Ligand code: GAR
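Here it is in structure tokens:
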């Protein structure tokens, strides 16, 4: 059984999708051993509800060091599912090739510092892009710079608002994230 640690900061709908896909077998031979949050958020309740051990880790100077201590060495995959803290390069080195993130745009466009959540959708609309989407990628010390594993596209319509675009992107996230996780864990 492969062990996944999920890191969250928000409502945790992607976490829920992973929980559901493990249950349905779409993600095979895996369990979420732990959910870690960097702030009080609804995702923690989802973990509680699914009986997954969870912990809140206060943000601050030694945040990544705390994470390193809490996450067991034998963890197979660390999944950033709407996680907004920046990890130290010591941390990304230690778990190199074992950390993945979902980003709500088609990287390498609309990535980097400050590009998260609604900021991304606002920027995509402002740039009058014809399409957006989501990217699952490996996490390295550079923000949103690691190798892309899987992407899914959605059309941007003229009358899209940041909210309607976010909803479309979320829907494509729910498709590609479990696929990427299963691919990494089970080939
Ligand atoms: C998702 O859209 C994810 O791509 C984004 O936060 C949302 C979390 O939703 N992540 C980032 O912006 C990271 N840079 P969720 O909490 O409902 O899964």
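In this note's numbering, the protein residues as written are 4 to 190. Beta carbons are placed, not taken as given, at the ideal position from N, Cα and C, and that holds for glycine. Bear in mind the structure is a predicted one, so any value in this text is a computation, not a measurement.
Residues near residue 148 in its chain [Cβ-Cβ closer than 6 Å; skip 5 each side]: Mapped onto the chain shown, residue 148 falls at position 145. So no residue of the chain qualifies.
Backbone secondary structure at residue 74 - three-state DSSP: Taking the first residue of the chain shown as 1, we reach residue 74 at position 71. In the structure shown, residue 74 sits in coil (DSSP, three-state: anything other than H, G, I, E or B).
Cutoff 6 Å; reference residue 92; Cβ partners in own chain excluding five residues on either side: If you number the chain shown from 1, residue 92 lands on position 89. Once the five neighbours on either side are set aside, the close Cβ partners of residue 92 are 144.
Alpha-carbon to alpha-carbon, residue 48 and residue 10: Indexing the chain shown from 1 puts residue 10 at position 7. Indexing the chain shown from 1 puts residue 48 at position 45. Residue 10 and residue 48: Cα-Cα distance of roughly 14 Å.
Between the CA atoms of residue 32 and residue 117 - distance to the nearest angstrom: In the chain shown, the residue the question calls residue 117 occupies position 114. In the chain shown, the residue the question calls residue 32 occupies position 29. Their backbone Cα atoms lie some 35 Å apart in a straight line.
Straight-line gap, residue 135 to residue 38 (C-alpha atoms, nearest Å): For the purposes of this step, residue 135 is identified with residue 132 of the chain shown, where counting begins at 1. For the purposes of this step, residue 38 is identified with residue 35 of the chain shown, where counting begins at 1. Their backbone Cα atoms lie some 29 Å apart in a straight line.
Residues of its chain near residue 181, where Cβ-Cβ distance is below 7 Å and the 5 sequence neighbours each way are ignored: As a working note, residue 181 is residue 178 in the chain shown. So the list reads 20, 21, 24, 29 and 30, once near-sequence residues are dropped.
Closer than 8 Å: residue 104 CB and nearest ligand 1 heavy atom: Residue mapping note: residue 104 aligns to position 101 of the chain shown, counting from 1. Result yes, Cβ under 8 Å from ligand 1.
Beta-carbon proximity list for residue 126, same chain, < 6 Å, skipping 5 on both sides: For the purposes of this step, residue 126 is taken as residue 123 along the chain shown, with counting starting at 1. For residue 126, where only same-chain residues beyond five positions count, the Cβ hits under 6 Å are 113.
Cβ separation of residue 183 and residue 152, assumed to be a contact under 8 Å, to the nearest whole Å: Working through the chain shown from its first residue, we reach residue 183 at position 180. Working through the chain shown from its first residue, we reach residue 152 at position 149. Contact flag correct, Cβ pair sits at about 5 Å.
Coil, strand or helix - residue 141 by DSSP: If you number the chain shown from 1, residue 141 lands on position 138. Residue 141 falls in the strand class under three-state DSSP.
Close Cβ partners of residue 185 (< 7 Å) along its chain, the five nearest in sequence each way excluded: On the chain shown, position 182 is the one that residue 185 refers to. Hits under 7 Å: 29, 30 and 31.
Cβ neighbour criterion (16 or more within 10 Å) applied to residue 65: Sequence index remark: in the chain shown, residue 65 carries index 62 (1-based). Looking at its Cβ environment, which holds fewer than 16 other Cβ atoms inside 10 Å, residue 65 is exposed.
For residue 84, the nearest candidate out of 67, 176 and 52 (CA to CA): Here residue 84 is taken as the residue at index 81 of the chain shown, counted from 1. Among 67, 176 and 52, the Cα nearest to that of residue 84 is on 176.
Cβ separation of residue 74 and residue 139, assumed to be a contact under 8 Å, to the nearest whole Å: Reading the chain shown from its first residue, position 71 is the one you call residue 74. Reading the chain shown from its first residue, position 136 is the one you call residue 139. Wrong, their Cβ atoms sit about 20 Å apart, outside the cutoff.
Near ligand 1: residue 11 beta-carbon under 8 Å from a heavy atom: Indexing the chain shown from 1 puts residue 11 at position 8. Under cutoff, so the answer is yes.
Residue 59, buried or exposed, once every other Cβ within 10 Å from all chains shown has been counted against 16: On the chain shown, position 56 is the one that residue 59 refers to. Flag for residue 59 reads exposed.
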